[in-house]
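What follows is a short report on a single structure.
Protein chains in written order, with UniProt numbering: chain X, 1 to 174; chain P, 1 to 601.
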């Protein structure tokens with residue numbers, strides 16, 4: 001199906017902290033729609049009843065066309081933007097980064113869960129019990145101006161348009 | 001078998017010394033078999049077609065041996081069908097290797113990542129047995145930086161690296177290839193995912209000059225150092241093909257074009273000026289730059305395009321044979337003045353933003369068109385859609401030499417598809433994707449059976465078909481009846497019952513690759529293909545009605561088939577439903593790099 005578009009699968013990662021499938025950005029869990037059910041092959045009958053005109057039933061893996069790359073969310077296009085927003089995530093000490101689809105997550109909590117699984121760590125978060133902060137990590141992001149900020153300071157909806165990439169650093173190194 | 005001959009000489013009764021008679025091995029004439037082998041070896045060097053070679057190798061042992069010695073291009077359509085050891089033992093003089101890994105549906109999120117298709121065991125084996133390896137062409141393989149390093153170190157004469165839809169490596173791997181492979185002519189990265197290791201890989205090419213003929217890196221999402229690129233282009237006098245990524249602005253493109261006017265294939269970066277060119281200021285003369293490149297026959301890129309700049313390419317339009325606008329969000333109005341000059345165009349990839357009107361313009365001018373791909377700008381199901389049967393009909397009437405079409409649309413009619421089947425008899429590839437699942441002919445309300453039926457009936461050269469829209473078993477009956485040379489078939493959200501799949505498995509003797517998703521085919525249908533599966537490269541079925549039991553039956557009946565059941569997410573218990581079945585013939589049995597979510601029956 002090629003035209004030069006970047007494939008949406010994340011790069012393979014040579015590391016012992018091999019994450020489970022559910023955390024993978026290229027195989028996103030869209031809790032909002034039926035794509036999970038369809039992938040489990042459970043809804044052949046429902047697919048007949050699908051009303052194709054309802055946007056909430058948009059499948060993540062159909063139609064079989066890789067998305068046209070666009071300049072993040074700051075392009076003033078139609079209100080239905082690209083259904084993916086991939087950013088790179090680096091963990092301190094590991095040379096090769098991963099890619100993550102931010103739009104596949106409902107909010108910060110969801111994002112932290114995915115990252116915890118992907119990098120096999122615990123990312124500090126205000127609501128968490130900080131038992132052993134020495135082994136925890138902190139999540140930071142680079143914004144449009146190139147500044148590195150702590151993730152979580154602004155509402156999720158404001159975070160999305162400004163984030164360029166993510167970095168996970170050790171809590172004790174800040 | 002006589003290995004040697006002896007000749008008996010009797011000397012005459014003349015003067016002089018010497019035995020009166022002796023048997024000596026004075027002249028060791030080659031035995032007839034050896035002569036045959038020599039002749040064969042000389043002749044078989046000229047045999048390039050894979051099919052012919054495979055046939056020749058089956059004649060007898062000696063032909064098998066000689067063919068193996070004279071084969072220089074190794075093609076492996078499924079990296080798990082044969083082990084690296086087996087392949088490298090049989091073919092010892094290989095110069096070029098093509099390897100394909102993951103199945104195509106993996107590109108569309110239908111398979112969890114890290115399923116397999118690792119290059120590592122292959123490159124290790126080849127490093128030992130093919131010191132003179134020159135070309136490696138990979139598709140859908142997982143390649144690591146270590147693999148690239150081993151490749152760069154092991155093959156001193158390495159010339160060509162082509163990575164299509166690959167992942168697992170980064171700019172550090174590219175840097176190693178750039179610096180070590182001194183004979184490198186081709187480095188083509190196509191639709192691959194390259195991670196950003198913050199390594200300026202372009203600067204690792206030697207400063208003293210390169211043999212580069214082709215450098216394609218439009219899929220590399222990381223920024224590059226433009227000065228290094230400019231130096232590289234200046235140092236590469238043989239460079240003919242250059243495809244830039246979107247981090248190269250128009251101004252930078254201009255500078256490169258001035259350095260390399262002999263380019264034949266150009267992929268522009270972003271087709272918009274960088275921010276430091278003020279509005280209204282006289283920018284570089286793009287028209288002259290394009291006019292100076294008299295050899296350009298293929299243009300692509302145009303990411304982040306500002307359509308006002310499009311007329312700059314006018315000087316090259318008359319010579320273009322290939323134009324890729326599939327990243328360019330342009331309207332019919334923008335397209336028309338450009339396309340009206342492209343009389344020689346044979347390959348055209350475009351976004352549906354040009355609408356039916358744009359396609360009509362294509363049909364009016366591009367009489368030599370062989371391949372058309374129309375991609376969706378917005379891949380959704382519920383919108384009106386800018387292209388339809390009108391565009392398809394127009395193309396079929398204007399572009400009679402069409403051989404390959406990929407067409408995404410929201411609505412279609414049987415009439416237009418039937419028209420194409422009659423107007424374009426040379427069609428080899430017909431892929432129609434009606435994005436609304438189960439959508440019927442929007443004028444008659446009928447299923448799309450008749451349209452696809454006409455395609456298989458009338459297009460006698462058709463080998464690849466992808467179907468969509470509302471389809472009953474009847475469509476499959478047509479395919480089974482008329483699609484006698486179909487090799488690749490793609491099915492999604494189609495069919496009524498097991499009969500659909502049965503028609504195809506029983507009717508299409510040349511079927512090699514079958515990929516099916518979300519269709520109501522069950523175990524009985526699967527079993528009806530037992531006679532054929534050893535002749536296929538693979539079968540993929542996801543979200544169908546298969547059970548573990550049915551798949552087990554196949555696995556037991558066909559021991560040389562690897563039957564993989566792929567589970568999704570956390571549903572790793574073995575329940576009766578099979579999410580995804582991927583099965584393929586193999587000489588090696590179950591692979592040893594199976595991830596957790598795959599079980600091999």
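Using N, Cα and C, we set each Cβ at its ideal position, and we do this for glycine too. Bear in mind the structure is a predicted one, so any value in this text is a computation, not a measurement.
No Cβ-Cβ contact shorter than 8 Å links residue 441 (chain P) with residue 472 (chain P). Apart from the 5 residues on each side of it in sequence, residue 365 (chain P) sits with its Cβ closer than 7 Å to the Cβ of 339, 340, 342, 343 in its chain, given in chain order. When DSSP reads this structure, residue 140 (chain X) sits in a beta bridge with X:150, X:167. Those residues of the region 413 to 434 of chain P placed with their C-beta closer than 7 Å to a C-beta in chain X are 433, ordered along the chain. Neighbours of residue 60 (chain X) in chain P, taken as residues at a C-beta separation under 7 Å, are given in chain order as 109. In the DSSP annotation of this structure, the continuous segment of the alpha helix (DSSP H) that includes residue 87 (chain P) starts and ends at 84 to 90.
In terms of CA proximity to residue 78 (chain P), P:583 leads the group P:583, P:596, P:598. Comparing C-alpha distances from residue 220 (chain P) to each of P:230, P:209, P:240, P:244 shows the shortest one belongs to P:244. Contact fails between the region 395 to 407 of chain P and the region 87 to 107 of chain X, because fewer than three Cβ pairs, one in each stretch, are under 8 Å apart. Remark: C-beta atoms of residue 313 (chain P) and residue 290 (chain P) approach each other more closely than 8 Å. The C-beta of residue 34 (chain P) has fewer than 16 other C-beta atoms within 10 Å across all chains shown, which makes the residue exposed.
Between residue 167 (chain X) and chain P, the shortest Cβ-Cβ separation is not below 8 Å. Assigned with DSSP and collapsed to three states, residue 543 (chain P) falls in coil, not helix or strand. The Cβ atoms of residue 197 (chain P) and residue 172 (chain P) sit closer than 8 Å to each other. For the region 205 to 225 of chain P, the set of positions with a beta-carbon nearer than 8 Å to some beta-carbon of chain X reads 218, 219, 221 in chain order. Counting only Cβ-Cβ distances below 8 Å, residue 408 (chain P) has contacts in chain X at 63, 65, in chain order. By the Cβ neighbour-count rule, residue 447 (chain P) is buried, with 16 or more other Cβ atoms within 10 Å of its own. Residue 516 (chain P) is bridged by DSSP to P:491, P:541. Annotation note: the region 135 to 176 of chain P contains the following uninterrupted alpha helix (DSSP H) runs of length 4 or greater, listed N- to C-terminal: 145 to 154. Within the same chain, Cβ atoms closer than 7 Å to the Cβ of residue 377 (chain P) are found at 329, 351, 352, 353, the five residues on either side in sequence being excluded. With a cutoff of 8 Å on beta-carbon distance, residue 493 (chain P) and residue 518 (chain P) are scored as near each other. Using a Cβ-Cβ distance cut-off of 8 Å, the region 183 to 194 of chain P and the region 149 to 168 of chain P are in contact, since at least three pairs of beta carbons, one from each stretch, lie closer than that value.
Residue 100 (chain X) places its beta carbon less than 8 Å from that of residue 87 (chain X).
For residue 158 (chain X), the number of other beta carbons within 10 angstroms of its own is below 16, and it is reported as exposed. Residue 305 (chain P) sits in coil when the DSSP states are folded into three classes, being neither helix nor strand. Under the DSSP assignment, residue 354 (chain P) falls outside any alpha helix (DSSP H); it carries neither an H nor an E label. Annotated three-state conformation of residue 228 (chain P) is helix, per DSSP. The contact set of residue 200 (chain P) on chain X, defined by CB atoms closer than 7 Å, is empty, because the minimum CB distance reaches about 15 Å. At a cut-off of 8 Å between C-beta atoms, residue 379 (chain P) counts as an interface residue with respect to chain X. Annotated three-state conformation of residue 507 (chain P) is helix, per DSSP. Neighbours of residue 97 (chain X) in chain P, taken as residues at a C-beta separation under 9 Å, are given in chain order as 170, 195, 196, 197.
Boundaries of the beta strand (DSSP E) harbouring residue 466 (chain P): 464 to 466, taken from the DSSP string. The straight-line gap separating the alpha-carbon atoms of residue 549 (chain P) and residue 577 (chain P) is approximately 9 Å.
Look at residue 435 (chain P) here: in three-state DSSP terms it is coil, with no helix or strand label.
With the rule of 3 Cβ pairs closer than 8 Å, the region 175 to 189 of chain P counts as touching the region 136 to 155 of chain P. With three or more CB-CB distances shorter than 8 Å, the region 410 to 425 of chain P counts as touching the region 450 to 465 of chain P.
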